[in-house]
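Under full-length UniProt numbering, the first residue of the sequence shown is numbered 1, with each subsequent residue one higher. C-beta: ideal position from N, C-alpha, C; glycine also.
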Amino acid sequence: MARGEKVVRALYQQHGAALMAYANRLTGGRQAWADDVVTQTLVRAATATDLGKGMQTRLWLFRTVQDVVGEGTDTVVPVAQRRQLAVADALFALPPRHRDVLVAPGTTATTGAFAALHAFKAALAARGVTKSGLDDLLAERQQ
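(1) Could you check where the alpha helix (DSSP H) with residue 56 kicks off and where it finishes?
(2) What's the call for residue 11, buried or exposed, on a 16-neighbour Cβ count within 10 Å?
(3) Should residue 87 and residue 27 be called a contact, given that it needs their Cβ atoms to be closer than 8 Å?
(4) So that I know if they touch, is there some Cβ in chain B lying closer than 8 Å to that of residue 95?
(5) For residue 156, which residues from the same chain have a beta carbon less than 6 Å from its beta carbon, with the 5 sequence-adjacent residues on both sides left out?
(6) Count the other CB atoms within 10 Å of the CB of residue 59; is the residue buried (16 or more) or exposed (fewer)?
(7) Does DSSP put residue 51 in a helix, in a strand, or in coil?
(8) Starting from the C-beta of residue 45, find all residues in its chain whose C-beta is less than 6 Å away, skip the five residues before and the five after it, and write them out in chain order.
(9) Pull up the distance between the alpha-carbon of residue 112 and that of residue 91, whole angstroms please.
(10) Work out the CA separation of residue 115 and residue 25 for me, nearest whole Å.
(11) Which word fits residue 17, buried or exposed, when buried means at least 16 other C-beta atoms lie within 10 angstroms of its C-beta?
(12) Return the residue from the list 43, 123 and 22 that minimises the CA-CA distance to residue 9.
(13) For residue 41, count neighbouring C-beta atoms within 10 Å of its own C-beta (all shown protein chains included) and say buried if the count is 16 or more, exposed if not.
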């Protein structure tokens with residue numbers, strides 16, 4: 001068995017389930033696309049020179065999943081849906097306490113909502129969504 005194959009098998013055994021779950025979430029549940037994303041991620045890992053150097057292996061893998069999905073969005077996901085994908089991913093990345101405040105109807109926890117909106121805005125910015133309409137909403141909340 002070649003070294004690259006050993007690396008891929010070991011990484012898949014250790015991180016495969018988490019990578020598949022993350023890829024599924026980023027691809028909107030498109031299983032075939034998620035499978036391709038994980039495969040491409042592991043292929044890149046087998047030949048990577050920076051894997052595990054200065055960055056945890058799992059973090060490197062998750063970042064690569066994001067990159068592979070982003071590369072595929074130009075041809076697979078229409079432009080209008082890319083922002084929706086980023087918004088959904090940002091929402092799922094929030095801690096449950098923030099996510100619940102944002103999506104639960106009739107929530108009156110103003111302090112929790114304010115903190116949740118700030119966390120959501122940061123998560124969106126990390127995904128390249130800078131004009132989300134949250135700036136105006138946050139400015140209103142602070143007054």
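Working from what's here:
(1) Bounds of any alpha helix (DSSP H) do not take in residue 56, whose DSSP letter is neither H nor E.
(2) buried
(3) no
(4) The question asks about chain B, but that chain is absent: this structure has only one protein chain.
(5) Outside the displayed range of the chain (1 to 143) lies residue 156, so it cannot be described from this structure.
(6) exposed
(7) coil
(8) 11 and 51
(9) 15 Å
(10) Going by the C-alpha atoms only, they are around 24 Å apart.
(11) exposed
(12) 43
(13) buried
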